[in-house]
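Have a look at the structure below, then the notes.
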Amino acid sequence: MSELVKEFNDYREKMNDKILGDNNKIIKRIFNLDTNAFTEGALDVKTKELLGLVASTVLRCDDCIKYHLESSYKEGLSKEQVMETLSIATLIGGTIVIPHLRRAYEFWEALEAQDKNQ
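What follows is the structure in structure tokens.
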């Protein structure tokens, strides 16, 4: 696994375990709502992940962008589909999101590289 992807996933898992381990009912419900919002429904999972990617980019949340990039990758979305989605996010978000676009592109490359190294 790419070191960039591994570091992100390891940190996310460690901190989520700590946060959820505190047994805060509100936090647990928010995490559950987030998980359930991205399951199959009237919209398919791929569409929901791309929507999450746009919103995360416009809101400039790098962790969220990485999460939705990896989920999109696992769902089988192509680089072209993801980059077109990021282009819309950049249009909507403006030039302020360009640094996030750079990191998103780097993370997507890391996702692709991990498959080549397996």
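Under the UniProt record's numbering, the first residue of the sequence shown carries the number 1, and numbering increases by one thereafter.
Think of the CB as a built atom: it goes at the ideal place given N, C-alpha and C, for glycine as much as any other residue.
If you're wondering where the values come from, they're calculated on a predicted model, not measured in any experiment.
Query	Result
Proximity of Leu33 and Leu53 at Cβ, strictly below 8 angstroms	no
Euclidean distance between Cα positions of residue 120 and Asn36	Look at the range of the chain in this structure, 1 to 118, and you will see that residue 120 is not part of it.
Residue of Asp44, Gln81, Tyr67, Ala55 minimising C-alpha distance to Asn9	Tyr67
Whole-angstrom C-beta distance between Ala110 and Leu4, which should lie under 8 angstroms	4 angstroms
Cutoff 8 angstroms: Glu49 Cβ touching any chain C Cβ	The structure shown contains no chain C; it is built from a single protein chain.
Test item: CB-CB of Val97 and Thr47 under 8 angstroms	no
Alpha carbon of Glu7 to alpha carbon of Arg103, nearest angstrom	14 angstroms
Other residues of its chain near Met83: CB distance less than 7 angstroms, five sequence neighbours each side excluded	none
Endpoints, the alpha helix (DSSP H) within which Ile92 is located	79-93
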